[in-house]
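With full-length UniProt numbering applied, the sequence shown has no gaps in its numbers, which climb one by one up to 192 at the end.
Built from N, CA and C at the ideal position, the CB exists for glycine as well.
Quick notes on the structure that follows.
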Amino acid sequence: MFVLVHIRDEDGSKLRSFGRAMKSRLKDKMLNGIQVVDKSYRLFGTSTSQLKEMSFWFLANETKTIEEGWRELGDFSAIKNVANYIARIGLYFSSSRRTGIEFKFVDERRFSPDQKLVATRIPDVKTNDNKYCFTDGIGTMSWGVAGLIAVKLNIQLRRREDVPSAYQVRIAGCKGMLAIEPGSRFDQYFIK
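Set out below in structure tokens:
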């Protein structure tokens, strides 16, 4: 069971001052957890925007350990940098708006750009030594998909230039970016 905690001043506004006593109290709650209606909760995660708003997700101790909960989000064992680790977990707490668009996954070998609402995997773009990956979390979409998403999000479209060229998306629990594939058309509906 989760609890979303918003840290506020007594009047409900954002905290304006962080004196030594306040910092100490907040640190204690973040490290040792909180009690809510006879249940103990421990800090589980937060998104970047929630952090700015002083909002944090806490997980009930009786449900599972924090580490078990994190493992259910994905395999982060290869990430050794603490800041990157926390950032990856934070992706799961960011807000999103559902479009209701459903894609069918097709194997790369069977993919055709004229199939409707299909998704396929494509190889990452990396340097020859594999040291840098330029497409980590970034895919492409057709003009048709970009326009369809805009309509679902109630974006006014009067001309081609009104269609956003990129979206931050969450698909099947994965978060990333989709940018319009330049050679695609408005009558094609695919993501790669």
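Practice problem: Could you pull out every residue in the same chain whose Cβ sits closer than 8 Å to the Cβ of L157, ignoring the five residues on either side in sequence? | Solution: G147, A150, V151 and V163
Practice problem: From the DSSP output, in three-state form, read off I7 for me. | Solution: coil
Quiz item: Which residue's Cα is closest to the Cα of F134: W143, K64 and I122?
Solution: I122
Self-check item: Closest by C-alpha distance to F190, when choosing among T120, Q50, W70 and L153
Solution: T120
Self-check item: Helix, strand or coil at S49 according to DSSP, with G and I counted as helix
Solution: helix
Quiz item: Using the C-alpha atoms, what's the distance from D11 back to residue 238?
Solution: Since the displayed the chain opens at 1 and closes at 192, residue 238 lies outside it and no answer follows.
Self-check item: alpha helix (DSSP H) segment containing V163, residue limits
Solution: Where V163 is concerned, there is no enclosing alpha helix (DSSP H), given that its DSSP letter is neither H nor E.
Self-check item: Cα-Cα separation, W143 to Q188
Solution: 7 Å
Quiz prompt | Segments of 3+ residues assigned as beta strand (DSSP E) that fall wholly inside the stretch 113 to 143 | solution = 116 to 119 and 138 to 141
Exercise. Would you decide whether G19 is buried or exposed? Buried here means 16 or more other CB atoms lie within 10 Å of its CB.
Key: exposed
Practice problem: Give a yes or no on contact between the stretch 102 to 117 and the stretch 64 to 77, applying the rule of three or more CB pairs nearer than 8 Å. | Solution: no
Quiz item: For I155, which option in I171, T99, E53 and C174 has the closest C-alpha, if you only look at C-alpha atoms?
Solution: T99
Self-check item: CB contact flag (L91, G139, <8 Å)
Solution: no
Self-check item: Close beta carbons around S55, own chain, < 8 Å, minus the five adjacent residues each side
Solution: L4, V5, H6, I7 and T46
Practice problem: Rank A60, I89, T63 and A83 by C-alpha distance to the C-alpha of G74 and give the top, closest one. | Solution: I89
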